[in-house]
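Trainee: So the protein lines, in turn, are chains G and E.
Just so we're aligned: 94 in this note's numbering is position 81 of the first sequence, and the numbers increase by one with no gaps anywhere.
Just so we're aligned: 16 in this note's numbering is position 3 of the second sequence, and the numbers increase by one with no gaps anywhere.
In this text, a Cβ means the ideal position worked out from N, Cα and C, and glycines have one as well.
The following block contains the structure, expressed as structure tokens.
Protein chains: 2
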Amino acid sequence: MSEVCKEVPQLAKAMILLVEVFDKYAKKDGNADSLSKGELGDLLKAELGEFTSFGDKTKVDEFFNQLDANKDGTISFQEFMVFTASLTMLIQEMTKKV
Amino acid sequence: MSEVCKEVPQLAKAMILLVEVFDKYAKKDGNADSLSKGELGDLLKAELGEFTSFGDKTKVDEFFNQLDANKDGTISFQEFMVFTASLTMLIQEMTKKV
Numbered sequence: 014m015s016e017v018c019k020e021v022p023q024l025a026k027a028m029i030l031l032v033e034v035f036d037k038y039a040k041k042d043g044n045a046d047s048l049s050k051g052e053l054g055d056l057l058k059a060e061l062g063e064f065t066s067f068g069d070k071t072k073v074d075e076f077f078n079q080l081d082a083n084k085d086g087t088i089s090f091q092e093f094m095v096f097t098a099s100l101t102m103l104i105q106e107m108t109k110k111v
Numbered sequence: 014m015s016e017v018c019k020e021v022p023q024l025a026k027a028m029i030l031l032v033e034v035f036d037k038y039a040k041k042d043g044n045a046d047s048l049s050k051g052e053l054g055d056l057l058k059a060e061l062g063e064f065t066s067f068g069d070k071t072k073v074d075e076f077f078n079q080l081d082a083n084k085d086g087t088i089s090f091q092e093f094m095v096f097t098a099s100l101t102m103l104i105q106e107m108t109k110k111v
């Protein structure tokens, strides 16, 4: 039953996109396991800049400190997923009000 | 600077997909706020069936009970996001080993 060109279902597509977005920015400094503050800033600006004020450096600093739950100075994929899940819940709340 | 047809960035696209997938199945019974056991079964089979054994009804029962953290008999969007985040972390782990 396997077809090479079968369309990927929406949920799988969303999860693959999340892995790809993290990887795209995390690998910039050679360490693909985590986001540095600069990489997080690039990600927020490019991926969410249109919707937020993440172009602002102070905001990125503040945000980085909030996301870095274990205070190791980098954002792991798990920490990134906590952020993404929270933001997605906010978006879902907003769509319910429309 | 706003352009109507501007391409949606990857991260925003992933989050919108997650909201849409939940809504698509949750609204089937008229209550779009949560997934019933039947709706979760439909979602898992259609969205992840190719990758898992979620076609199996016993597996869906077991899974539903695990996801329903507050034991109210339905899966809220928050409970769905916990599942999605966990699964995405598994996928990310797998891609690192490739």
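#1: Ignoring anything shorter than 4 residues, give me the alpha helix (DSSP H) runs that lie fully in the region 27-70 of chain E, in order along the chain.
#2: For G/Ser89, which residues does DSSP report across the bridge?
#3: Which value, in whole angstroms, describes the spacing of the CA atoms of G/Thr101 and E/Met94?
#4: Our contact map puts G/Phe38 next to G/Leu56 with C-beta atoms below 8 angstroms; I'd like the distance itself, whole angstroms only.
#5: Per DSSP, what kind of secondary structure is G/Asp81 in: helix, strand or coil?
#6: Quick one: list the residues of chain E neighbouring G/Val34, beta-carbon separation under 8 angstroms, in chain order.
#7: Excluding the 5 residues flanking G/Phe35 on each side, which residues of the same chain have their C-beta closer than 6 angstroms to its C-beta?
#8: Apply the 10 Å Cβ neighbour rule to G/Thr71 and answer buried if 16 or more other Cβ atoms are within range, or exposed otherwise.
#9: Counting only beta-carbon atoms, is E/Thr87 nearer than 7 angstroms to chain G?
#10: Using a Cβ cut-off of 9 angstroms, pull out every chain E residue sitting near G/Glu60, in sequence order please.
#11: In chain order, what residues of the same chain have a beta carbon less than 7 angstroms from the beta carbon of E/Gly86, not counting five sequence neighbours either side?
#12: Spatial neighbours of E/Ser47 within its chain, please: C-beta separation below 7 angstroms, excluding the five flanking residues on both sides.
#13: In chain order, what residues of the region 95-107 of chain E put their CB closer than 8 angstroms to some CB of chain G?
#14: Please classify E/Glu20: does DSSP put it in a helix, a strand, or coil?
#15: Would the beta-carbon of E/Leu31 fall within 7 angstroms of that of G/Ala82?
#16: Cutting at 7 angstroms between CB atoms, please list the residues of its own chain near E/Glu52, excluding the five before and the five after it.
Mentor: Put simply:
#1: Correct list: 50-61.
#2: G/Ser47
#3: 8 angstroms
#4: Per the sequence presented here, residue 38 of chain G reads as Tyr, with Phe not at that position. Indeed they touch by this definition, with Cβ atoms about 4 angstroms apart.
#5: coil
#6: Correct list: Gln23, Leu24, Ala27.
#7: Phe90, Phe93
#8: exposed
#9: no
#10: Pro22, Gln23, Leu24, Ala25
#11: none
#12: Ala39, Thr87, Ile88, Ser89
#13: Those would be Val95, Thr97, Ala98, Leu100, Thr101, Met102, Ile104, Gln105, in chain order.
#14: Under the three-state reduction of DSSP output, E/Glu20 falls in the coil class, being neither helix nor strand.
#15: no
#16: Tyr38, Ala39, Lys41, Asp42
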